[in-house]
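Visitor: Protein chains in written order, with the working numbering: chain A, 209 to 308; chain B, 14 to 134; chain C, 2 to 482.
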């Protein structure tokens with residue numbers, strides 16, 4: 209079995225890519241995908257710890273994270289659709305009605 | 014040992030040999046003239062009617078959203094099913110528990126249904 | 002994993018949450034099958050809040066745990082849960098006219114308020130990071146929808162999308178922190194973490210706790226994680242803003258207190274310099290930017306950031322009295338801020354045009370009572386004596402001084418003085434400036450009047466006779482130390 213550090217570094221890299229995506233990308237859908245990437249990095253971390261410690265709790269947590277991610281995406285897509293209907297754009301930079 | 018990989022080597026030879034023979038036969042036997050249709054993307058055998066990257070109707074999004082929500086719940090049913098028999102010996106609580114969970118989902122389903130989100134038009 | 006048997010007492014413990022959840026679903030059904038006047042929905046929602054509150058208060062606060070130590074019934078949880086439920090009830094009473102005038106008065110609104118309250122109750126009563134996290138997410142997702150509730154308005158859409166993106170981003174950090182905490186302790190249960198004392202891996206412990214703190218800093222909007230808040234508060238429907246600003250702040254701070262003080266008591270002292278810094282920066286930035294705002298909703302949003310800074314003093318001090326001061330201040334903040342937003346929502350008119358200071362000019366002559374209420378709320382937010390704003394701040398500040406945080410309190414007092422300027426500006430416009438244009442407001446309906454009166458009374462009562470409630474807050478806080 210690979211040592212746990214490998215998994216942790218892998219998850220950290222995934223998480224960093226996700227954070228970079230949220231901060232740098234302009235298309236809302238891609239920002240969303242980056243957030244999913246962050247959540248999946250968390251899942252990898254949980255599973256790695258869970259395997260290492262022979263403790264099932266972490267895997268249960270992963271189920272809840274997955275459900276939560278689905279719920280967030282559903283609400284997010286709904287908001288994006290509503291916004292697109294009014295604005296005809298899903299670019300983050302076009303969200304300038306309220307100043308950042 | 015390298016000898017273990019000998020069958021794999023022969024398999025490779027056969028595969029690549031077959032590909033070469035087939036490509037050669039196609040060259041030999043195919044009709045000589047090419048039409049416009051040959052260069053179009055393959056779409057289930059019918060000729061494509063429009064460009065593939067058009068905008069989709071928002072109805073697809075709504076169906077997709079509802080699908081995500083109701084699809085992910087299965088994640089909780091697998092672990093439940095695994096321990097079901099074992100915990101049924103203690104009491105019927107585990108059964109009632111899942112009924113409650115599904116009941117909450119059904120409330121959502123009824124809401125979605127009555128609001129007309131499942132109607133295509 | 003803890004082996005546990007589920008007993009009826011567990012369900013008794015969760016009765017308030019269950020009543021709220023069933024009520025929320027009931028409201029969805031009412032919306033589907035009951036056409037016509039929606040007043041029924043409003044009263045049903047209010048009744049559910051009242052029932053949940055009375056069930057909550059009738060419970061024993063013995064510190065009993067349920068569902069294998071997933072939730073804990075103690076006075077601390079009860080106190081903040083009561084704040085949340087009172088806030089929810091007041092919001093239900095206040096919001097109707099606003100929504101009716103925009104033709105968005107629907108049962109889903111109340112349903113979402115109830116779901117958000119369930120989430121907050123789980124957040125403050127959960128004893129496991131899993132439960133706290135799930136409560137937080139239930140709250141957040143309900144709020145994303147509530148913020149974007151006017152789906153045909155671009156302001157609302159934009160606020161909802163920003164809130165959702167940054168909220169999900171913050172959840173990612175929080176979760177990553179929980180994952181590392183799990184990695185260093187082998188459990189997510191705060192009780193087990195507390196009894197274990199020292200982690201198996203110090204590195205993982207530090208990574209985990211700092212990421213959890215980043216996540217919570219986003220949720221309570223501490224500088225530098227505050228950027229989302231003004232936009233979201235401005236874009237959301239005003240009743241929702243009032244609800245968010247008060248109850249969510251209470252729940253998020255309570256969850257943070259429980260995690261820090263109950264789960265990681267040994268770390269408070271080590272983190273103190275960071276808390277000190279966050280507190281000072283948050284109140285300064287909030288107040289200074291609030292000075293420059295012309296939009297009242299946005300001004301109140303920055304004032305909310307500043308108040309998060311004042312509240313952080315309680316965490317910085319890290320003693321029981323400091324946390325008790327926070328609890329008391331959160332209770333007072335509920336009434337003064339919900340009241341302020343109620344007045345804003347009454348005056349702002351149908352298309353949110355009357356939100357700047359100029360449109361408050363001369364309103365005192367035509368609406369003496371409501372202007373008087375607004376004056377009281379502004380005085381309370383600024384921290385004038387005889388209001389809860391003063392007693393709350395006084396309590397937190399003296400505790401901090403007694404613990405030797407003199408410079409922090411100097412900054413806090415200077416900040417309070419700055420804040421007087423922008424709070425009083427509203428009052429000056431209302432009383433000293435001439436009326437610019439005649440505008441007829443439809444008279445306030447009775448439920449809203451009652452709710453506003455309750456806010457006024459509570460602000461004065463807690464300001465003049467705070468004794469009982471401070472004692473209660475101190476008892477409540479002893480449950481998590």
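Note that the Cβ used here is the ideal one computed from N, Cα and C, for glycine as well.
Can you tell me whether residue 2/C is buried or exposed? The criterion is at least 16 other CB atoms within 10 Å of its CB, across all chains shown.
Guide: Bear in mind that the predicted position of residue 2/C carries a pLDDT of just 39, short of 50, making it unreliable; the figure below should be weighed with that in mind. Exposed: under 16 other Cβ atoms inside 10 Å.
Visitor: To the nearest whole angstrom, what separates the beta carbons of residue 143/C and residue 170/C, a pair I think is in contact under 8 Å?
Guide: Not really, about 18 Å apart at Cβ, beyond 8 Å.
Visitor: Mind checking which residues open and close the alpha helix (DSSP H) that includes residue 119/B?
Guide: Residue 119/B -> alpha helix (DSSP H) spans 106-127.
Visitor: I'd like to know whether the C-beta atoms of residue 398/C and residue 464/C end up nearer to each other than 9 Å.
Guide: no
Visitor: For chain A, check one thing: does any of its Cβ atoms lie closer than 9 Å to the Cβ of residue 2/C?
Guide: With a pLDDT of 39 at residue 2/C, under the threshold of 50, the modelled position of this residue cannot be trusted; read the value that follows with caution. So, interface residue.
Visitor: Verify the CB distance criterion: does residue 218/A have a CB-CB separation below 9 Å to chain F?
Guide: Of the chains in the structure shown, none is chain F; the protein chains are A, B and C.
Visitor: Where does residue 285/C sit, in a helix, a strand or coil, going by DSSP?
Guide: helix
Visitor: List the residues of chain B that residue 26/C touches, going by C-beta distances under 8 Å, in chain order.
Guide: 117 and 120
Visitor: Exposed or buried, residue 76/C, counting other C-beta atoms within 10 Å across all chains shown (16 or more means buried)?
Guide: buried
Visitor: Using a beta-carbon distance below 9 Å, is residue 243/A in contact with chain C?
Guide: yes
Visitor: Within 8 Å: the Cβ of residue 34/C and any heavy atom of the ligand PLP?
Guide: Ligands in the displayed structure: none, and consequently the ligand PLP is not present.
Visitor: Taking only beta-carbon positions, decide if residue 78/B is within less than 9 Å of chain C.
Guide: no
Visitor: What's the C-alpha gap between residue 1/C and residue 338/C?
Guide: Because chain C spans 2 through 482 in this model, residue 1/C falls outside it and cannot be assessed.
Visitor: For residue 15/C, which option in 54/C, 42/C, 441/C and 29/C has the closest C-alpha, if you only look at C-alpha atoms?
Guide: Among 54/C, 42/C, 441/C and 29/C, the Cα nearest to that of residue 15/C is on 54/C.
Visitor: Using a Cβ cut-off of 9 Å (strictly closer), state whether residue 110/C contacts chain A.
Guide: No, no contact with chain A.
Visitor: Would DSSP call residue 66/C helix, strand or coil?
Guide: Three-state DSSP puts residue 66/C in a strand.
Visitor: For residue 199/C, tell me which candidate among 367/C, 467/C and 266/C has the shortest Cα-Cα distance.
Guide: 266/C
Visitor: Would the region 8-28 of chain C count as touching the region 42-52 of chain C if we require 3 or more Cβ pairs under 8 Å?
Guide: yes
Visitor: For residue 152/C, which residues in chain A fall below 7 Å Cβ to Cβ?
Guide: 290
Visitor: Quick one: using the 10 Å Cβ neighbour count with 16 as the cut-off for buried, is residue 313/C buried or exposed?
Guide: buried
Visitor: Return the chain-ordered list of same chain residues with a C-beta closer than 6 Å to the C-beta of residue 174/C, the five sequence neighbours on each side being excluded.
Guide: For residue 174/C, where only same-chain residues beyond five positions count, the Cβ hits under 6 Å are 212, 215 and 216.
Visitor: Pick out whichever of 231/A, 257/A and 287/A has its Cα sitting closest to the Cα of residue 246/A.
Guide: Closest option to residue 246/A, Cα to Cα, is 231/A.
Visitor: Determine the burial state of residue 466/C: buried for a count of at least 16 other Cβ atoms within 10 Å of its Cβ, exposed for fewer.
Guide: By the neighbour-count rule (16 or more Cβ atoms within 10 Å), residue 466/C is not buried but exposed.
Visitor: Does DSSP put residue 363/C in a helix, a strand or coil?
Guide: Under the three-state reduction of DSSP, residue 363/C is assigned to coil, being neither helix nor strand.
Visitor: Go ahead and pull the three-state DSSP assignment for residue 308/A.
Guide: Annotation note: pLDDT 48 at residue 308/A (below 50); position unreliable, no value reported.
Visitor: What in chain A is Cβ-close to residue 260/C, meaning under 9 Å?
Guide: Correct list: empty, because the minimum Cβ distance to chain A is about 16 Å.
Visitor: Nearest to residue 133/B by alpha carbon, out of 96/B, 74/B and 30/B?
Guide: 74/B
Visitor: Round the Cβ separation of residue 290/A and residue 152/C to the nearest angstrom and send it over; I've been treating them as touching at under 8 Å.
Guide: 4 Å
Visitor: To the nearest whole angstrom, what separates the beta carbons of residue 483/C and residue 189/C, a pair I think is in contact under 8 Å?
Guide: What the structure shows of chain C is the stretch from 2 to 482, and residue 483/C is not part of that stretch, so it cannot be assessed.
Visitor: Residues in the same chain with beta-carbon distance under 8 Å from residue 239/C, minus the five sequence neighbours each way, listed in chain order, please.
Guide: Spatial neighbours of residue 239/C in its own chain (CB-CB distance under 8 Å, excluding positions within 5 residues in sequence) are listed in chain order as 99, 298, 342, 345, 346 and 349.
Visitor: Give the DSSP-derived three-state secondary structure of residue 180/C in the structure shown.
Guide: helix
Visitor: For residue 74/C, does the three-state DSSP call read helix, strand or coil?
Guide: Residue 74/C sits in a strand when the DSSP states are folded into three classes.
Visitor: Does chain B have any CB closer than 9 Å to the CB of residue 1/C?
Guide: Residue 1/C is absent from the model: chain C starts at 2 and stops at 482.
Visitor: List the DSSP bridge partners of residue 129/C.
Guide: 190/C
Visitor: Identify the contact partners of residue 303/A in chain C, using a Cβ-Cβ distance below 7 Å as the criterion.
Guide: 159, 162 and 163
Visitor: Residue 350/C CB to nearest chain A CB: under 9 Å?
Guide: Chain A, which has no Cβ nearer than 9 Å to the Cβ of residue 350/C, makes this no.
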